[in-house]
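Visitor: Under my numbering, the first residue of the sequence shown carries the number 13, and numbering increases by one thereafter.
A virtual CB, placed ideally from N, CA and C, is assigned to each residue, including glycine.
Take this structure, written in structure tokens, and hold onto it; I'll ask about it next.
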Amino acid sequence: MNENMSSSADIDLDGLRIKYLAEREKRLRPDGNAQYRLLSPRDHALADPYRKALRERGAVTDPTEVAVIGGGLAGILMAVKLRDAGFEHIRIVESGGDFGGTWYWNRYPGAQCDIDSYLYLPLLEETGYMPTERYARSSEIRAHLQRIARHYNLYRDVLFETDVKSLDWDETSGHWHITSAQGDAFDARYVFVSNGPFSSPKLPGVAGLENFGGHVFHTSRWDYAYTGGDEAGNLTGLSGKRVGIIGTGCSAVQCIPHLADSAEHLHVFQRTPAAVDVRNNQPTDKAWFDALPHGWQRERMSNFVRNVHSFDVREDLVNDGWTRFGREVARLAADMARQHPGVAPTPEAFQHLIDLADAITMEDIRARVDREVTDPAIAKKLKPWYGHWCKRPAFHDEYLKTFNRPNVTLVDTDGHGVERVTAQGVVAGGQLYKLDCLILATGFETGTNYVKRLGFEIHGTGGDALSGKWGNGLRTFHGMHVHGYPNLFFTGTTQTAITYNYTNMLLEQTAHLAHILAHSHETGATRIEADAEAEQQWCEEIRRMAPMLTSYFTYCTPSYFSNEGNPADAAGILSGAYGADPQLFWQTLRAWRDEKLYRGLTFSKPNRPVR
């Protein structure tokens, strides 16, 4: 055990739960997700600051076999798997100016992945690429995704800077009709919706934000023309400037040290402290990387999932802050086995071990604050009082030390958030903080109706709107198919298994969907649709397992994980997720494919069904 780590004997679980609930109550709001201002695709706040000039092109009207909506990680991997399955006519529609998705937009200084690069960057073996360091920077991730797109010839038929306006099924032709805000209108036999959960920024619904007289922007639309510098920092344009940042999530944790380096003074407005663990980034050891055996990346991904979700730590290939939780569970289980040899723990006893591991992990993270921050009063405000998985964990080696600087002020709002914005600055705790620049690190929209987040409507058979069908929650078969919406497929977080390594999840989904399309072509079928009964059964399975996932959030401070304190709300990002170990879900999909009966889907030609 780490010498700085608490022991189970030091933990008062009941006392922690009381503390967690008290902190949760401070932050619960009746308006939930409505506290944020949602943006439409054509809102000026979403303008692309990274493109040099708008591409001039005519409207696209020629049909394509496959349309993939979204050019980020999900869309790229979907197109790659379809290429591997023999599909050539693939048109990707992407609102950004190039491939990358979240990593096209997230270019704030310090942006990098918090998942091990050897897990997160996909297709390393296939493209022959070695990440430069263990936690890759945004520019490297973006470049790698574009490398994949070139490798698989995805630039050939892509529409960048294009916002889908509508998606309508034509029963007569058996095609989807797609229109865009840029005047495109074309048909596709198959459509994959791969926008990802972090595609639409949200702004704080703070009174007066529009009246601020200084400069303001969202972290996903970083204005380097104003700040100077680049993703590596050196923000010379902030010299002599009073800067404020609202939000202390993962993006803020990464950019705040760079802001503090350059601004005359930085005010950090905090509602909820981040749980910041050690990152310990390292350059890649080329000799180690070159010696990795064939299939190493797939095995590393599987090992990560086993450690994080199953606490199977017979071997920990990753050995970082994500897998430490599993290691702690295993340590406690070993202690219990020594104390009670030959006695298998009951489910209740094992849950107690998990609760202890959670508490020990968070106690260590809080103790780290005391070691890093010199002022005890500031350290106290930076301590997170919630469970380890209540908010996305953060990892950084400079963030906490930043609050030792004389030019940095932590404005802790004790869970209430800022009160309002004026022409001069931000009011919090009754005090006005005058600012020249205000940065919004308020994340992405994840907690409203799925179709609303998409920014366009989808009409299926009979013209039925998907927003209506999903008005009370998602309804799918295996999270990827919807009855009444033939030849339409979803990738991402729609009633599917979720893991922290998003890449792993997407590789499983896209391989599954590519297999289904390949089978359709082999049989001569041109239409694929989920059966109503199969959809209903899957929804019942999701509801049956939901408590496995949402019960944890009872003691959690609000976050997008808990749908701002309403984990059972049907619109939440995790509310419709597969509640069990993701490995079980992926095994279910593989067994379903291996059976070759394709239960739950109907494949048909124009006049007859095909199996």
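Between Phe489 and Ala558, is the Cβ-Cβ spacing less than 8 angstroms?
Guide: Counted from its first residue, the sequence shown places residue 489 at position 477. Counted from its first residue, the sequence shown places residue 558 at position 546. No, Cβ-Cβ distance for Phe489 and Ala558 is not below 8 angstroms.
Visitor: What residues match up with Trp550 in a beta bridge as DSSP calls it?
Guide: By one-based count along the sequence shown, residue 550 stands at place 538. Note: Trp550 sits in no beta bridge, so no partner.
Visitor: For the putative contact between His227 and Tyr238, defined by C-beta atoms under 8 angstroms, what is the C-beta separation to the nearest angstrom?
Guide: Sequence index remark: in the sequence shown, residue 227 carries index 215 (1-based). Sequence index remark: in the sequence shown, residue 238 carries index 226 (1-based). Sure, about 5 angstroms apart at Cβ, within 8 angstroms.
Visitor: Measuring only the C-alpha atoms, how far is Phe597 from Tyr610?
Guide: Counting from one through the sequence shown, the residue named residue 597 turns up at place 585. Counting from one through the sequence shown, the residue named residue 610 turns up at place 598. Roughly 16 angstroms separates the two Cα atoms.
Visitor: Go to Ser263, then tell me how far its alpha helix (DSSP H) extends in each direction, as first and last residue.
Guide: Along the sequence shown, read from residue 1 onward, the residue named residue 263 stands at position 251. First-last of the alpha helix (DSSP H) with Ser263: 262-274.
Visitor: Do you know whose CA, among Asn499, Ala526, Gly591, Thr506, lies nearest Glu183's CA?
Guide: Here the question's residue 183 lines up with position 171 in the sequence shown. Per the Cα distances, Asn499.
Visitor: Between the alpha carbons of Lys413 and Asp347, how many angstroms are there, rounded?
Guide: Position 401 of the sequence shown, counted from the first residue, corresponds to residue 413. Position 335 of the sequence shown, counted from the first residue, corresponds to residue 347. Distance between the alpha carbons of Lys413 and Asp347 is about 35 angstroms.
Visitor: Taking 6 angstroms as the limit between beta carbons, can you name the residues of its chain near Thr73, skipping five residues before and five after?
Guide: As a working mapping, residue 73 is identified with position 61 in the sequence shown. Same-chain partners within the cutoff: Ala197, Phe198.
Visitor: For His101, which residues in the same chain have their Cβ closer than 6 angstroms to its Cβ, ignoring the five residues on either side in sequence?
Guide: Along the sequence shown, one-based indexing puts residue 101 at 89. Closer than 6 angstroms at Cβ, skipping near neighbours: Thr76, Glu77.
Visitor: Could you tell me the distance, in whole angstroms, from the CA atom of Ala264 to the CA atom of Ala477?
Guide: Position 252 of the sequence shown, counted from the first residue, corresponds to residue 264. Position 465 of the sequence shown, counted from the first residue, corresponds to residue 477. Taking the straight line from one Cα to the other gives about 37 angstroms.
Visitor: Which runs of the beta strand (DSSP E), 3 residues or longer, sit entirely within the segment 38-122?
Guide: DSSP runs (the beta strand (DSSP E)) wholly in the segment 38-122: 48-50, 76-81, 102-105.
Visitor: Helix, strand or coil for Gly249? Go by DSSP, reduced to three states.
Guide: Walking along the sequence shown from the start, residue 249 turns up at place 237. Helix, per DSSP.
Visitor: Taking only three categories from DSSP, how would you classify Pro388?
Guide: Walking along the sequence shown from the start, residue 388 turns up at place 376. Three-state result, Pro388: helix.
Visitor: Measuring CA to CA, which of Thr373, Lys253, Lys446, Trp181 is closest to Gly474?
Guide: By 1-based counting over the sequence shown, the position of residue 474 is 462. Among Thr373, Lys253, Lys446, Trp181, the Cα nearest to that of Gly474 is on Trp181.
Visitor: Once you ignore the five residues that flank Glu15 on each side, which residues in its own chain have a CB closer than 6 angstroms to its CB?
Guide: Here the question's residue 15 lines up with position 3 in the sequence shown. Unreliable positioning characterises Glu15 in this predicted model, as indicated by a pLDDT of 40, which lies under 50. A coordinate reading is not provided.
Visitor: Thinking C-alpha only, which one of Ile510, Arg602, Ala592 is nearest Ala523?
Guide: Indexing the sequence shown from 1 puts residue 523 at position 511. Of the listed residues, the one whose Cα sits closest to Ala523 is Arg602.
Visitor: Taking only the alpha-carbon atoms, compute the straight-line gap between Thr421 and Glu276 and give it to the nearest angstrom.
Guide: Counting from 1 along the sequence shown, the entry for residue 421 is found at position 409. Counting from 1 along the sequence shown, the entry for residue 276 is found at position 264. Looking at the two C-alpha atoms, the distance is approximately 11 angstroms.
Visitor: Measuring only the C-alpha atoms, how far is Ser574 from Ser192?
Guide: Mapped onto the sequence shown, residue 574 falls at position 562. Mapped onto the sequence shown, residue 192 falls at position 180. Near 33 angstroms, if we compare the C-alpha coordinates of Ser192 and Ser574.
Visitor: Residue range of the beta strand (DSSP E) that Ile258 falls in?
Guide: Locating residue 258 in the sequence shown gives position 246, where the first residue counts as 1. Unbroken beta strand (DSSP E) run through Ile258: 254-258.
Visitor: Where Gln351 and Gly338 are concerned, what is the direct C-alpha to C-alpha distance, given to the nearest angstrom?
Guide: The residue given as residue 351 occupies position 339 in the sequence shown. The residue given as residue 338 occupies position 326 in the sequence shown. Taking the straight line from one Cα to the other gives about 20 angstroms.
Visitor: Have a look at the DSSP bridge pairing and note the partners of Arg149.
Guide: Here residue 149 refers to the residue found at position 137 of the sequence shown. Beta-bridge pairing links Arg149 to Gln124.
Visitor: Take every Cβ of the segment 122-129, pair it with every Cβ of the segment 257-273, and state whether three or more of those distances are shorter than 8 angstroms.
Guide: Counting Cβ pairs under 8 angstroms, three or more are found: they touch.
Visitor: Which first and last residues belong to the beta strand (DSSP E) in which Gly226 is found?
Guide: In the sequence shown, residue 226 corresponds to position 214, counting from 1. It is not in any beta strand (DSSP E) - Gly226 carries neither H nor E in the DSSP assignment.
Visitor: Under three-state DSSP, which class holds Thr600?
Guide: As a position in the sequence shown, residue 600 is number 588, starting the count at 1. Helix at Thr600.
Visitor: Compute the Euclidean distance between the alpha carbons of Glu35 and Ala65, then round it to the nearest angstrom.
Guide: For this step, residue 35 is matched to residue 23 along the sequence shown. For this step, residue 65 is matched to residue 53 along the sequence shown. Rounded to the nearest angstrom, the two C-alpha atoms are 48 angstroms apart.
Visitor: With the cut-off set at 8 angstroms, would you say Arg291 and Asp376 are in Cβ contact?
Guide: Numbered from 1 along the sequence shown, position 279 holds the residue referred to as residue 291. Numbered from 1 along the sequence shown, position 364 holds the residue referred to as residue 376. Contact flag unset, no.
Visitor: Answer with buried or exposed for Ser251, where buried requires no fewer than 16 other C-beta atoms within 10 angstroms of its C-beta.
Guide: By 1-based counting over the sequence shown, the position of residue 251 is 239. Counting Cβ neighbours within 10 Å, Ser251 comes out exposed, since fewer than 16 surround it.
Visitor: Under 8 angstroms by Cβ, that's how I've got Thr373 and Tyr132 pegged, so tell me the actual separation to the nearest angstrom.
Guide: If you number the sequence shown from 1, residue 373 lands on position 361. If you number the sequence shown from 1, residue 132 lands on position 120. No, Thr373 and Tyr132 are not in contact; Cβ-Cβ is about 22 angstroms, not under 8 angstroms.
Visitor: Going by C-alpha distance, which of Glu607, Gly536, Gln363, Leu518 is nearest Leu89?
Guide: Along the sequence shown, one-based indexing puts residue 89 at 77. Comparing Cα-Cα distances from Leu89 to each of Glu607, Gly536, Gln363, Leu518, the minimum goes to Leu518.
Visitor: Do you know how far the Cα of Glu222 is from the Cα of Ala530?
Guide: Walking along the sequence shown from the start, residue 530 turns up at place 518. Walking along the sequence shown from the start, residue 222 turns up at place 210. Whole-angstrom Cα-Cα distance: 51 angstroms.
Visitor: Once the 5 residues before and after Pro143 are set aside, which same chain residues still bring their CB inside 6 angstroms of it?
Guide: Working through the sequence shown from its first residue, we reach residue 143 at position 131. Cβ within range, chain order: Ser129, Leu133, Thr296.
Visitor: Can Gly256 and Leu394 be called in contact, C-beta distance under 8 angstroms?
Guide: As a first step, residue 256 must be located in the sequence shown, where it is residue number 244. As a first step, residue 394 must be located in the sequence shown, where it is residue number 382. Taking 8 angstroms as the Cβ cut-off, Gly256 and Leu394 do not qualify as a contacting pair.
Visitor: Is Ala79 closer than 8 angstroms to Ile190 when the C-beta atoms are compared?
Guide: Locating residue 190 in the sequence shown gives position 178, counting from the first residue. Locating residue 79 in the sequence shown gives position 67, counting from the first residue. Contact flag set, yes.
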